[in-house]
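Everything in the sequence shown is counted per the numbering used here, starting at 31 for the first residue and increasing by one.
Notes follow once the structure below has been shown.
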Amino acid sequence: MLTIGLTGTSGSGKGYLYQYLFGEDVAFCDTDSLYHSMISRPGECVDALKKEFGDVVVNNRGGIDRNALASIVFNDTEKLEALNRITHTLILERIRQAVFMAQLQNIKYFYVDAPLLFESGFDKECDFTVGVTAPLEIRVKRVMERDGITLKKALERFKNQKDDSFFRENCDFTVINDGRELEPQIDKLKTVLKRLYDEKK
């Protein structure tokens with residue numbers, strides 16, 4: 031099985047690629063969904079975040095109050111690093127379990143959608159990495175429409191995110207998702223991955 035790290039900034043359109051990549055021999059793991067699931071209810075992740083940041087980050091349902099947590103870490107590098115250290119460790123455990131289960135099911139291509147692929151260190155556990163990029167103005171528009179936020183809020187999100195050059199320089203393959211046809215890029219990606227899979231067998 032090939033483990034493929036799929037990464038890019040908010041609004042780059044990683045999720046849009048799924049419709050081109052789905053198949054009987056393909057599986058996906060979305061780290062954002064994992065994270066939201068882990069913080070939405072009482073459990074190991076909530077306990078660890080509560081211990082680190084205090085009761086103020088826990089909502090009345092026993093999950094994490096995302097706004098309260100964001101207000102604590104937004105402009106504090108050390109606290110943001112603490113948040114990432116806790117969540118990355120727990121998310122990586124879940125991903126490794128999913129990878130193992132996919133191997134048992136004879137899956138050929140396992141995609142891990144991880145915006146913080148390199149920051150978490152999981153890129154080192156991938157056979158191949160794919161970066162998805164798009165011009166800033168397109169990413170901003172997508173995020174505003176998707177999340178119903180203002181231009182100011184959208185720009186704040188990109189303030190501490192990597193720019194497209196980072197993904198072009200560090201990923202094995204880059205998809206440009208700027209609204210034009212994706213099929214030729216995806217076909218090329220599939221060809222590269224099939225060759226890698228055949229070589230690995």
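For glycine and all other residues, C-beta sits at the position ideal for the given N, C-alpha and C.
Here the structure is a predicted model, which means the values were calculated and not measured.
Own chain residues within Cβ distance below 8 Å of residue i, not counting five before or after
| i | result |
| --- | --- |
| K138 | M31, L32, D55, V56 and Y227 |
| T180 | M174 |
| E149 | N114 and H118 |
Residues near residue i in its chain [Cβ-Cβ closer than 6 Å; skip 5 each side]
| i | result |
| --- | --- |
| L99 | V87 |
| F58 | Y141 |
| D193 | none |
Residues bridged to residue i (per DSSP)
| i | result |
| --- | --- |
| A98 | Answer is none; A98 lacks a bridge partner. |
| T119 | In DSSP, T119 forms no bridge with anything. |
| T163 | I206 |
| A57 | F140 |
| F158 | I34 |
| V88 | I94 |
Beta-carbon separation (whole angstroms), residue i vs residue j, contact threshold 8 Å
| i | j | result |
| --- | --- | --- |
| R124 | G93 | In fact, because the Cβ distance is near 17 Å, the residues do not count as touching under 8 Å. |
| T159 | T39 | 15 Å between Cβ atoms; not a contact. |
| S42 | V162 | 4 Å |
| L79 | I116 | 6 Å |
| F152 | A144 | 6 Å |
| V205 | Q215 | 5 Å |
| Y46 | N190 | The pair is not a contact, with the Cβ atoms about 23 Å apart (cut-off 8 Å). |
Range covered by the beta strand (DSSP E) that runs through residue i
| i | result |
| --- | --- |
| T17 | The question about residue 17 has no answer here: the residues shown for the chain are numbered 31 through 231. |
Same chain, Cβ closer than 7 Å to residue i, five either side skipped, listed in chain order
| i | result |
| --- | --- |
| H66 | none |
| E155 | T33 |
| L110 | V103 |
| E241 | Missing from the structure shown is residue 241; the chain here goes from 31 to 231 and no further. |
The alpha helix (DSSP H) enclosing residue i, as first and last residue numbers
| i | result |
| --- | --- |
| V76 | E74 to F83 |
| F148 | L147 to S150 |
| L51 | Y48 to L51 |
Tell me the start and end of each unbroken beta strand (DSSP E) in the region 174-223 that is at least 3 residues and wholly inside, in chain order. 203-206
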